[in-house]
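Enquirer: Take this structure, written in C-alpha cells, and hold onto it; I'll ask about it next.
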Amino acid sequence: MDDSEEDQRLPHHKDPKEFLSLDKLAELGVLSWRLDADNYETDEDLKKIRESRGYSYMDFCEVCPEKLPNYEVKVKSFFEEHLHTDEEIRYCVAGSGYFDVRDRNEAWIRVWVKKGGMIVLPAGIYHRFTVDSDNYIKAMRLFVGEPVWTPYNRPHDHLPARKEYIDNFVKVNEGGVIDASA
C-alpha cells in the first residue's frame, strides 16, 4: 500500500497497483477463506474450520457510527499499530474493511475483507484495522476458549508471541525466507 497520510478508509493502492496472492499472505502466517456469509449459521465449511482450529467462542461486532459507542475513538484505536498474544480471527458477514499487516521488510500490506471473507492473523504480527469508505462492517469474532482481545501497541517486541512470530515467519530458515530483523 502507499505511504499516504490521506483518509485511512481509502484503498491506498501503490501506483502502479500491486496485488499479493493468498499464498504470499500465508507465508506471513495470514490465512483466509471465502465462505457463505448469508448462511453462516448452517455453513459446513465454517463448522469444519471452527472444529479443526478449536474456535469454541463466537460473538459479533458491528463497526459503524450508529452501532458502536464512541465510534470515532474506537476506530482510531483499531488503527493504532498493535499485536495480540493470540490469533485474531474475523469473519465478515456484512460490509467491509481493511486489515493492514507488516511484511518481512516492514512495509504495510492492505487486505480488503468483504462479505464472506474470513481472515486469521497470527499471534505476534503487527497489524491495524479500519473500515473502508462505506463505514460499516459486521464481523464474527472467533476465539479459542474465552475471548481475549488485548492490543499491545508497538513496540512490544519482548512478548513471547512476537518472538515466536519472528521465528516462524520472518527469520531466515531452511526454506530461504528473508530475514527482516537485520
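In terms of our numbering, the sequence shown is residues 372 to 553. Ideal placement from N, C-alpha and C gives every residue a C-beta, glycine not left out. Here the structure is a predicted model, which means the values were calculated and not measured.
For the alpha helix (DSSP H) that L406 lies in, which residues bound it at each end?
Expert: Per DSSP, L406 belongs to no alpha helix (DSSP H) and is neither H nor E.
Enquirer: In this structure, what does DSSP give as the bridge partners for M511?
Expert: DSSP lists F431 and Y462 as partners of M511.
Enquirer: Spell out the partners DSSP gives N524 in its beta bridges.
Expert: Answer by DSSP bridge pairing, in chain order: H453.
Enquirer: Need the endpoints of the beta strand (DSSP E) that R499 sits in, please.
Expert: First-last of the beta strand (DSSP E) with R499: H498 to V502.
Enquirer: Classify F470: buried if its beta carbon has 16 or more other beta carbons within 10 angstroms, exposed otherwise.
Expert: Flag for F470 reads buried.
Enquirer: Looking at the structure shown, is S467 part of a helix, part of a strand, or coil, going by DSSP?
Expert: In the structure shown, S467 sits in a strand (DSSP, three-state: E or B).
Enquirer: DSSP state of V541, grouped into three classes?
Expert: Looking at V541 - three-state DSSP - the assignment turns out to be helix.
Enquirer: For the beta strand (DSSP E) that contains K485, what are its first and last residues?
Expert: Residues W479 to K485.
Enquirer: Return the bridge partner residues of M489 from the DSSP annotation.
Expert: Bridge partners of M489: W404 and Y462.
Enquirer: Throw me the rounded Cβ distance for the E535 and G495 pair, which I believe falls under 8 Å.
Expert: With a Cβ gap of about 6 Å, E535 and G495 count as contacting.
Enquirer: Could I get the ranges of all uninterrupted beta strand (DSSP E) runs contained in the segment 375-401, with 3 residues as the minimum, in chain order?
Expert: DSSP runs (the beta strand (DSSP E)) wholly in the segment 375-401: none.
Enquirer: What three-state label does DSSP hand R475 in the structure shown?
Expert: DSSP places R475 in coil when its eight states are reduced to three.
Enquirer: Taking its Cβ as the centre, do 16 or more other Cβ atoms sit within 10 Å of F500, making it buried, or is it exposed?
Expert: F500 should be labelled buried.
Enquirer: Whole angstroms is fine: what's the gap from E545's alpha carbon to E398's?
Expert: Because the pLDDT at E545 is just 37, under 50, the model does not fix this residue reliably, and the point stays unresolved.
Enquirer: Answer with buried or exposed for A510, where buried requires no fewer than 16 other C-beta atoms within 10 angstroms of its C-beta.
Expert: Its Cβ being crowded by 16 or more others within 10 Å, A510 is buried.
Enquirer: Can you check which of these residues, Y411, H498, D503 and P387, is closest to T456 by C-alpha distance?
Expert: Nearest C-alpha to T456: H498.
Enquirer: What is the rounded straight-line gap between the Cα of L406 and the Cα of D505?
Expert: When rounded, the distance between both Cα atoms is 21 Å.
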